[in-house]
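This report refers to the structure that appears directly beneath it.
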Amino acid sequence: MSASRYSTITHNPTTSKFTVTYRGKSIETKVTDKAFVAEQWVQDILNKYVGNSKVVVGLDVEWRPTFIPYTSNKSATLQLCIDNKCLILQLFYIDQFPISLKNFFMDCKFIFVGVGVERDISKLGDEYGLKFRNSQDIRDLAIENKRNMYWDICDRTGLKNRGDECQSAYYHHTIESSIKQSK
């Protein structure tokens, strides 16, 4: 299945693995509700990063929105990504929660990062009893990075070739600044 002329997505139904290729880089993503698939993913990650002292893991949680004040639906998916290896765990349907994944979350070598990650981790703790040793919210870093990207793009010569990119970066920078100021 092709997503666009710049990216491709292939799926292997036998292994529940999707390979997304974007701008020449491939990202291997396992989508599962099976504990043994998640266990294997964790083992692969532990083997790959055995010699590293600190490893950054992207974390995000998705749930269906609710329109009733002060209520929240249960987390539906847990998304983890390291380098080019990702896991999407379908929490609603998982047969059992993998012990190795619980241990992975408590391993001092791994730091779990994301925008709003503390809220996600709190939600996972409340709903599934999960605990995380290291986490870091990167919202401010992401906003600063966008701001720097804007100036980097727009300060270059030959802007007529980069007009759309510059305008888009400025637009996102302005929105991010407005959001930050309104909080």
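Per our numbering, the sequence shown starts with residue 19, numbered consecutively.
Note that CB positions come from ideal geometry on N, CA and C, so glycine has one too.
Residue i, DSSP secondary structure in three states
{"i": "F110", "result": "coil"}
{"i": "G181", "result": "At G181, the pLDDT of 43 sits below 50, so the modelled position is not reliable; the number obtained from the coordinates is stated separately. The answer is helix: DSSP assigns G181 an H, G or I state."}
{"i": "V135", "result": "helix"}
{"i": "F130", "result": "strand"}
Residue from the options whose Cα sits closest to the Cα of residue i
{"i": "F128", "options": "L105, I63, K48", "result": "I63"}
{"i": "P31", "options": "K48, S25, Y24, V38", "result": "K48"}
{"i": "C104", "options": "P87, G42, E46", "result": "E46"}
{"i": "S25", "options": "R41, D51, G69", "result": "R41"}
{"i": "V60", "options": "V135, E162, G132, Q97", "result": "Q97"}
{"i": "L77", "options": "K92, K35, V133, T33", "result": "V133"}
{"i": "A94", "options": "D125, Y88, Y111", "result": "Y111"}
Residue interval of the beta strand (DSSP E) (run including residue i)
{"i": "I156", "result": "Unbroken run through I156: none, as it is neither H nor E."}
Own chain, CB closer than 8 Å to residue i, minus 5 neighbours either side, in chain order
{"i": "S44", "result": "T37, V38, N102"}
{"i": "S90", "result": "W81, T84, K141"}
Residue i, enclosing alpha helix (DSSP H) - first and last residue
{"i": "F123", "result": "117-124"}
Cut-off 7 Å between Cβ atoms - residues of its own chain near residue i, not counting five sequence neighbours on either side
{"i": "A56", "result": "T50, L105, L107, P116, L119"}
{"i": "I100", "result": "I63, V73, V75"}
>> At 3 residues or longer, what runs of the beta strand (DSSP E) sit wholly inside the stretch 32-107?
In response: 35-40, 43-50, 73-80, 95-100
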